[in-house]
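Undergrad: One structure, pasted below without further comment.
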Amino acid sequence: MSGHNRYDDIFSGHPRSKKRPVPTIVADRDLVVEDAATGFCGAVVGFDRSYDGEFVKLEDARGAVRLFALREAAFLLDGVAVTLIRPTATPPKPTRRSASGSTQVTGLRARVARDSRIWVEGVHDAALVERVWGHDLRVEGVVVEQLDGLDNLAMRLAEFEPRTGRRVGVLVDHLLAGTKETRSTTGLGPYVRVTGHPFVDIWQAVRPESVGIQQWPQIPRGEDWKTGVCARLRWGTPQDGWRRVYQAVTSFRDLQAPLIGAVERLIDFVTEPEHHRAALDPDDR
Numbered sequence: 017m018s019g020h021n022r023y024d025d026i027f028s029g030h031p032r033s034k035k036r037p038v039p040t041i042v043a044d045r046d047l048v049v050e051d052a053a054t055g056f057c058g059a060v061v062g063f064d065r066s067y068d069g070e071f072v073k074l075e076d077a078r079g080a081v082r083l084f085a086l087r088e089a090a091f092l093l094d095g096v097a098v099t100l101i102r103p104t105a106t107p108p109k110p111t112r113r114s115a116s117g118s119t120q121v122t123g124l125r126a127r128v129a130r131d132s133r134i135w136v137e138g139v140h141d142a143a144l145v146e147r148v149w150g151h152d153l154r155v156e157g158v159v160v161e162q163l164d165g166l167d168n169l170a171m172r173l174a175e176f177e178p179r180t181g182r183r184v185g186v187l188v189d190h191l192l193a194g195t196k197e198t199r200s201t202t203g204l205g206p207y208v209r210v211t212g213h214p215f216v217d218i219w220q221a222v223r224p225e226s227v228g229i230q231q232w233p234q235i236p237r238g239e240d241w242k243t244g245v246c247a248r249l250r251w252g253t254p255q256d257g258w259r260r261v262y263q264a265v266t267s268f269r270d271l272q273a274p275l276i277g278a279v280e281r282l283i284d285f286v287t288e289p290e291h292h293r294a295a296l297d298p299d300d301r
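Written as structure tokens, this is what we have:
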């Protein structure tokens with residue numbers, strides 16, 4: 017004799033009288049369903065809400081749009097009763113920003129380098145520019161090169177031969193009126209742009225609070241600036257000090273505004289379309 021008792025469910029009613037579960041379907045846009053009560057068939061085109069509850073908008077083949085309450089088993093999908101539910105809103109993905117504050121380009125493929133270049137005075141300048149603007153420079157295909165000192169600028173320009181489509185942007189430390197830096201970087205022609213910052217050294221263009229100090233020490237003229245700074249801050253050697261400075265910079269917010277503006281202007285200059293440049297500076301032609 018079977019262990020199953022056919023009378024176990026005698027009080028639960030006949031199986032045919034039991035309510036079958038109704039599948040729940042997300043009412044994605046363009047899903048075609050039929051209103052079970054009226055026979056109206058249409059695609060989901062939107063939703064509405066009132067004191068009576070949630071409603072779905074269905075549009076039929078002739079463009080007529082009607083509202084139907086989102087009630088249990090109120091719709092037919094391929095002839096089967098279903099309960100429609102409103103899709104859950106997906107929060108927008110946060111915009112990823114590069115260290116310079118620009119929108120980060122995902123899946124970036126290496127671009128062929130432009131003929132135009134950005135030149136900086138030394139290795140520390142190049143490292144900080146790459147640290148903050150590296151993503152932007154790769155997007156634009158701009159190469160940053162070291163001059164190994166501003167005294168090499170005239171020779172390098174003669175070798176490079178700037179011209180249309182082959183511009184040079186130069187970032188200079190301590191660019192102040194009346195200084196030798198200013199005198200050696202004027203009158204270089206329409207295909208060369210020099211920008212800079214007022215600080216003695218690129219280190220000083222980093223905000224003091226970013227490196228954990230109140231202010232950069234004043235170093236007497238004639239004393240090596242980096243050596244003097246490290247001695248007064250007890251940072252050890254200039255190599256030790258550079259590691260502190262470099263690691264403290266994670267974004268443009270760690271830099272002083274004059275340096276940020278100077279680099280941004282150079283990037284714009286070397287990536288600007290030639291026809292746009294000519295329109296802005298007709299005297300340069």
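Residue 31 in my numbering is what sits at position 15 of the sequence shown, and the numbering runs on without skipping anything.
Beta carbons are placed, not taken as given, at the ideal position from N, Cα and C, and that holds for glycine.
1. If distances are taken between C-alpha atoms only, which option among V188, A89 and H151 comes closest to E304?
2. Check T99 in the structure and name its three-state DSSP category.
3. DSSP beta-bridge partners for T119?
4. Can you name the residues that DSSP bridges to T40?
5. In this structure, how does DSSP classify G194 when only helix, strand and coil are distinguished?
6. Which word fits Q220, buried or exposed, when buried means at least 16 other C-beta atoms lie within 10 angstroms of its C-beta?
7. Determine the closest residue to R269 out of W258, P236, V245 and S226, with distance taken between C-alpha atoms.
8. Would you mind reading off the limits of the alpha helix (DSSP H) that contains T287?
9. Can you give the Cα-Cα distance for R82 and R112, rounded to whole angstroms?
10. For the pair the segment 281 to 288 and the segment 206 to 213, tell me if three or more CB-CB distances fall below 8 angstroms.
11. Looking only at its own chain, which residues have a Cβ that is under 7 angstroms from the Cβ of F176, when we skip the five neighbours before and after it?
12. Under the DSSP definition of a beta bridge, which residues are partnered with F63?
13. Any idea what DSSP makes of T211, helix, strand or coil?
14. Is S18 helix, strand or coil when you go by DSSP?
15. How should A143 be labelled, buried or exposed, when 16 other C-beta atoms within 10 angstroms of its C-beta is the threshold for buried?
16. State the start and end residues of the unbroken beta strand (DSSP E) segment that holds Q162.
17. In whole angstroms, what separates the C-alpha of S267 from that of S118?
18. Can you give the Cα-Cα distance for I218 and P110, rounded to whole angstroms?
19. Out of W251, S66 and T104, state which residue places its alpha-carbon closest to the alpha-carbon of R45.
20. Around the C-beta of T201, are 16 or more other C-beta atoms found within 10 angstroms, so that it is buried, or is it exposed?
21. Quick one: using the 10 Å Cβ neighbour count with 16 as the cut-off for buried, is S132 buried or exposed?
22. Below 8 angstroms on the Cβ atoms is my guess for D64 versus F91; work out the distance and round it to an integer in Å.
23. By how many angstroms is the C-alpha of C57 removed from the C-alpha of T40?
24. When the Cα atoms are used, what is the spatial distance from P254 to T243?
25. Where does D167 fall in DSSP's three states?
TA: Taking the definition as stated:
1. Here the chain comprises residues numbered 17 to 301, so residue 304 is not present and cannot be evaluated.
2. Strand, per DSSP.
3. Bridge partners of T119: R113.
4. T99, per the DSSP bridge assignment.
5. In this structure, DSSP gives G194 a state outside helix and strand, which the three-state scheme calls coil.
6. Buried, because 16 or more other Cβ atoms sit within 10 Å of the Cβ of Q220.
7. Comparing C-alpha distances from R269 to each of W258, P236, V245 and S226 shows the shortest one belongs to S226.
8. Where T287 is concerned, the enclosing alpha helix (DSSP H) stretches over A273 to T287.
9. Taking the Cα positions, R82 is about 41 angstroms away from R112.
10. When Cβ pairs closer than 8 angstroms are counted between the two stretches, the segment 281 to 288 is seen to touch the segment 206 to 213, the count reaching three or more.
11. Leaving aside the five residues that flank F176 on each side, the residues in its chain whose CB is nearer than 7 angstroms to its CB run, in chain order, V184.
12. Per DSSP, V72.
13. Per DSSP, reduced to three states, the secondary structure at T211 is strand.
14. Residue placement at S18 cannot be trusted, given a pLDDT of 49 that sits under 50; the coordinates are not used to answer.
15. Burial is judged here by how many other beta carbons sit within 10 angstroms of a residue's own beta carbon; A143 has at least 16 and is buried.
16. V159 to Q162 is the span of the beta strand (DSSP E), which, as asked, contains Q162.
17. Straight through space, the alpha carbons of S118 and S267 are spaced by roughly 11 angstroms.
18. Spanning the two alpha carbons is a distance of roughly 33 angstroms.
19. Residue T104 is the option with its Cα nearest to R45.
20. Around the beta carbon of T201, 16 or more other beta carbons sit within 10 angstroms, so the residue counts as buried.
21. Classification for S132: buried.
22. That belief does not hold up - the Cβ atoms of D64 and F91 are roughly 16 angstroms apart, past 8 angstroms.
23. Taking the straight line from one Cα to the other gives about 18 angstroms.
24. Each residue's alpha carbon lies about 6 angstroms from the other.
25. Per DSSP, reduced to three states, the secondary structure at D167 is helical.
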